[in-house]
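Read through the structure below, which is laid out as structure tokens, and then see the notes.
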Amino acid sequence: MLSAFFSAFRTPDLRKKILFTLFILALYRFGVQIPSPGVSYENAQYCINLNSENGATDVFTLLNLFSGGALLQLSVFALGIMPYITASIILQLLTVVIPRLEALKKEGQPGQVKITQYTRYLTLGLAVLQASGYVALARGGQMFQNCPRDVVPVNDKIPDWLTLVVLVTTMTAGTAVIMWFGELVTDRGVGNGMSILIFTNIAARLPAEGWAIKEATNWFVFGAIIAIGIAIIALVVFVEQSQRRIPVQYAKRQIGRRMYGGTSTYIPLKVNQASVIPVIFASSLLYIPSLITQLDSTPNKFMVWINDNLVSPSSWVHILVYFLLIIFFTYFYVAISFNPTEVADNMKKVGGFVPGIRPGKPTAQYLEYVLNRITLPGSLYLGIIAILPNLALIWLGGGQYLQNFPFGGTAVLIIVGVGLESVKQIESQLMQRNYEGFLR
Amino acid sequence: MADKDRRGDDEAEKTEAVKGDSGKKDAGSVKKDEKSLAKADGTAKKSEPTKKSSETEGGQGRGPLRFFREVVEQLRKVIRPSRKEMLTYTLVVLVFVSVMVALIYGIDLGFTKLVQLTFGSKDAVTGQ
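Each protein sequence line maps, in turn, to chains V and B. For the first sequence, position 282 matches number 281 in numbering that gives the first Met the number 0, and the numbering has no gaps at all. For the second sequence, position 19 matches number 18 in numbering that gives the first Met the number 0, and the numbering has no gaps at all.
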């Protein structure tokens, strides 16, 4: 199996792609470490250490995991890819509502390009909003409560507003660069750029989080958690690899002097056709209420309710909402990414049909029927794995060490999903060149 | 399989014209047909023809219960990965993830040192 890694590097084309992806990742991690202008690196580090010593876990610790540690440092890439994800959720939801967007989507490739362009603009807008929010929080001292030092110290020579404007601009620009990185990786690298970047963020936090668990408890608990993690990985692999195969028969036909078709294949419908996207969507939607509570710190009744029910990861409302959101987004994403009518039409054009079902509309209906039914267990599985750590929080009484793994299920899902996807892509590229792959 | 193919080729058009859209049932297994028939006897004693005409998606019963039965039916047809496949995939994912985590950790360590040297003062370097 290891030899497959070497043969991957021996293929010039593939080596280029892998190295390019790694290079982008390195650049990305570099940006995560660079503090934004106006931020005191020293004070930020001091406050982060103080926070982790107190074992304070609030909203920002969760967000920090998703931004790969960039947020609390107020670095250039502090916002991470969250704005882009939020923007693409919003746009995809809007496609259903706004007729113009729907028309664009039906246009095919050129329409898709336009929608992508809109997504980018929306991302920048959201980035400005979020950056202003974070900067205001950092300035007001809410980001690090009970930290005596100023993260953004007042400078006598530079007017206040200039510092803030520069900060917001830098962070927004950082988001734009991340967006570009993601698209570059998708185009010229291995795997889906956005997922790879999220993967990087989570992977970057894993050693520290793991070590925190070991420090908080002992080797035994640590080992147990690792074992559970591996079991979950196996489970995820199992479900990701399960598929419902719909047989397709091709009619024989003669074009010129040659015979074509007459073969039978299948359409693979995965049990979890949507992969990790629903989890990413749901968790990024769920962090919006926590943001709201942080922005408005006046403790009125409404805020307290949100804080107790939606933000706290061990509350039943939070778990339920998360679970339902994942199921919703699974169906939603499957609906927008797999178009039965299109598949049925394509099949009809090339003379294929599902045995026993007429080509055209009945086939589309059949595909939709199977897809809707097969997605239910898929979505339930995603939801259950994602809320596992929250359930563990409740059962084990919210132990300190579990608090450190707030996105545990989500993190594992994303890591395994992206890992599988990337390895499979490398594999298929290897196969094209007749090498033996990893997955024999 | 072969039986179904023939049906799709020769007979389906005629039968489907009569039965409406119940062609889906033909694609379903015989096992399912027996089960659903038994179920129909047990619960709702509807007459065959009305069921045939009303049912566009196969399966009997009403509402969510029927949906769940159909889900189970589809799940039965899911092809699961073999044991060997599972082992290799899990192992490959584990190797991939550990390599990536190690790599990113290394990169991070280097950059953190670099940034600390550039921006940090002494007490930040020694840590809190």
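Cβ coordinates follow ideal geometry from the N, Cα and C atoms, glycine included.
Out of V/E420, V/I414, V/Q428, which one is the CA nearest neighbour of B/S97? Comparing Cα positions, the closest option is V/I414.
Along the chain, where does the alpha helix (DSSP H) that runs through V/S465 open and close? Missing from the structure shown is residue 465 of chain V; chain V here goes from 0 to 439 and no further.
I want to see whether chain V comes within less than 7 Å of B/R79, judged by CB atoms only; does it? With 7 Å as the cut-off, B/R79 counts as an interface residue toward chain V.
Measure the beta-carbon distance from V/L324 to V/A281 and round it to whole angstroms, keeping in mind my assumption that it falls under 8 Å. That belief holds up - the Cβ atoms of V/L324 and V/A281 are roughly 4 Å apart, short of 8 Å.
Taking Cβ positions, are V/A126 and V/T171 nearer each other than 7 Å? Yes.
Residues of the stretch 176 to 207 of chain V with a CB closer than 7 Å to any CB of chain B: list them in chain order, please. Those would be T199, A202, A203, L205, P206, in chain order.
Could you give the first and the last residue of the continuous beta strand (DSSP E) run that contains V/V247? Per DSSP, V/V247 belongs to the beta strand (DSSP E) from 242 to 249.
Let me confirm a value: V/M258 is counted as buried when at least 16 other C-beta atoms fall within 10 Å, else exposed. Which label applies? Label assigned to V/M258: exposed.
For the beta strand (DSSP E) containing V/I254, name the first residue and the last one. Annotation for V/I254: the continuous beta strand (DSSP E) segment containing it runs 252 to 254.
What residue from V/A343, V/F198, V/L161 has the CA that sits closest to V/L21's CA? Nearest C-alpha to V/L21: V/F198.
Below 8 Å between beta carbons is the criterion; list the residues of the stretch 222 to 243 of chain V that meet it against any residue of chain B, in chain order. Those residues of the stretch 222 to 243 of chain V that come within reach of chain B (Cβ to Cβ, closer than 8 Å) are I229, I232, A233, V236, F237, Q240, S241, Q242, R243.
Per DSSP, cross-strand counterpart(s) of V/L268: Answer is V/R243, bridged to V/L268.
Does the beta-carbon of V/Q253 have 16 or more other beta-carbons within 10 angstroms, so that it is buried, or is it exposed? The residue in question, V/Q253, is exposed, as its Cβ has fewer than 16 Cβ neighbours within 10 Å.
Can you say whether V/Y45 is buried or exposed, counting buried as having 16 or more other CB atoms within 10 angstroms of its CB? Buried: at least 16 other Cβ atoms inside 10 Å.
Give the interface partners of B/L116 over in chain V, defined as CB-CB distance under 8 Å, in chain order. In chain order: nothing, as chain V lies at least about 11 Å away.
So V/R14 is in the alpha helix (DSSP H); what residue range does that whole segment cover? Residues 11 to 32.
B/I78 - DSSP class collapsed to helix/strand/coil: Secondary structure of B/I78 (DSSP, three-state): strand.
Could you spell out the range, first to last residue, of the alpha helix (DSSP H) harbouring V/L100? V/L100 -> alpha helix (DSSP H) spans 98 to 105.
Does DSSP put V/R257 in a helix, in a strand, or in coil? Here V/R257 sits in strand by DSSP.
How would you list, in chain order, the residues of chain B whose beta-carbon sits under 7 Å from the beta-carbon of V/G418? Around V/G418, the beta-carbon contacts reaching into chain B at under 7 Å are V92, F95, V96.
The alpha helix (DSSP H) that contains V/N345, what's its start and end? 339 to 348 is the extent of the alpha helix (DSSP H) around V/N345.
By Cβ distance, which residues of its chain are closer than 6 Å to V/F19, with the 5 residues on each side in sequence left out? The residues are R187, G188.
At a Cβ cut of 8 Å, what residues of the stretch 322 to 342 of chain V count as close to chain B, listed as they run along the chain? Under the 8 Å Cβ criterion, the stretch 322 to 342 of chain V contributes no residue.
State yes or no: is the beta carbon of V/L375 nearer than 7 Å to at least one beta carbon in chain B? Yes, contact with chain B.
Cα-Cα separation, V/L71 to V/I212: Their Cα atoms are separated by approximately 20 Å.
Looking at V/A86: is its Cβ nearer than 7 Å to the Cβ of V/L121? Cβ atoms of V/A86 and V/L121: closer than 7 Å.
V/V417 versus B/R61, B/F66, B/Y88, B/Y104, residue with shortest Cα-Cα distance: Nearest neighbour of V/V417 by Cα position, chosen from B/R61, B/F66, B/Y88, B/Y104, turns out to be B/Y88.
Out of V/Y133, V/I84, V/L92, point me to the one whose CA is closest to V/R119's CA. For the residues V/Y133, V/I84, V/L92, the minimum Cα distance to V/R119 belongs to V/I84.
In its own chain, which residues sit with a C-beta less than 6 Å from the C-beta of V/V184, not counting the 5 before and 5 after it? So the list reads T20, I23, G192, I195, once near-sequence residues are dropped.
Where V/G351 falls: helix, strand or coil (DSSP): Here DSSP, grouped into helix, strand and coil, assigns V/G351 to strand.
Does B/K76 come within less than 7 Å of chain V when only Cβ atoms are used? Yes, B/K76 counts as interfacial toward chain V.
Distance cutoff 7 Å, beta carbons only. Does V/V415 sit that close to anything in chain B? With 7 Å as the cut-off, V/V415 counts as an interface residue toward chain B.
V/L370 versus B/E84 - alpha carbon distance: So the alpha carbons of these two residues sit roughly 24 Å apart.
Taking V/T115 and V/K104 to be in contact with their CB atoms under 8 Å, please state how far apart those CB atoms are, rounded to whole angstroms. Between V/T115 and V/K104, the beta carbon gap of about 11 Å keeps them out of contact (Cβ cut-off 8 Å).
By the criterion of Cβ-Cβ separation under 8 Å, what are the contact partners of V/W428 in chain B? Residue identity differs from the one stated: residue 428 of chain V is Gln in this sequence, not Trp. Under the 8 Å cutoff, chain B gives no residues; its nearest Cβ is about 15 Å from V/Q428.
Which of the three DSSP states, helix, strand or coil, is assigned to V/S35? Coil.
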